[in-house]
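Below is one structure, written out as structure tokens; comments come after it.
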Amino acid sequence: MPNPTREDIIEAHKALTNLLKLASSTSTASAIFNEQIVRDALPPKPQPTMAEVEWDDDEHYLAEAEHPDFGKVIMLGEGRTPGFIRTIRGKENDAFWGTAGPYNLTPTGKRYTLTEIQE
375 MPNPTREDII EAHKALTNLL KLASSTSTAS AIFNEQIVRD ALPPKPQPTM
425 AEVEWDDDEH YLAEAEHPDF GKVIMLGEGR TPGFIRTIRG KENDAFWGTA
475 GPYNLTPTGK RYTLTEIQE
């Protein structure tokens, strides 16, 4: 499998976890040790997309996400179209507002806050 898809990689990790559960009930500790060798041979498990998590304002409002076509975007909230997420992207004064499907948004772990400037 030269170029496994995201789904292929996730399924491989799930299969390894299931095999480990089976092996741990019937084998010695060497099976558990070998699990890490097999896991190291697999591509890294992909980060979950927004399709795999439920929207939480406290966690996702103004959070950064990676979009496969647009790069880094900031998530703003649930869109008018059910299941879609409002986003903004761009640099400085060149912002683009839009919506994206949750399967296209992978949170990066970064969050932003709005602060009032005191003059």
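First residue of the sequence shown: 375, per our numbering; consecutive thereafter.
Quick reminder that beta carbons are idealized off the backbone N, C-alpha and C, glycines included.
- Annotation note: the region 415-468 contains the following uninterrupted beta strand (DSSP E) runs of length 3 or greater, listed N- to C-terminal: 437-441, 445-452, 459-465.
- Annotated three-state conformation of Thr489 is coil, per DSSP.
- Taking the CA atoms as reference points, Gly464 sits about 19 Å from Phe458.
- When only Cα atoms are considered, Glu493 and Pro481 end up about 34 Å apart.
- Beta-bridge analysis with DSSP links Ala474 to Ile459.
- Shortest Cα-Cα distance from Met424 to any of Asn467, Arg413, Thr473 involves Thr473.
- The region 437-448 and the region 482-492 touch, with no fewer than 3 CB-CB distances between them shorter than 8 Å.
- Assigned with DSSP and collapsed to three states, Thr379 falls in coil, not helix or strand.
- Nearest neighbour of Asp432 by Cα position, chosen from Asn392, Tyr477, Leu450, turns out to be Leu450.
- Here the region 440-448 does not lie against the region 388-397, with fewer than 3 beta-carbon pairs under 8 Å apart.
- In this structure, the CA atom of Asn377 is about 14 Å from the CA atom of Glu385.
- Annotation for Thr455: Thr473 place their beta carbon closer than 8 Å to its own, counting only its chain and skipping 5 residues before and after.
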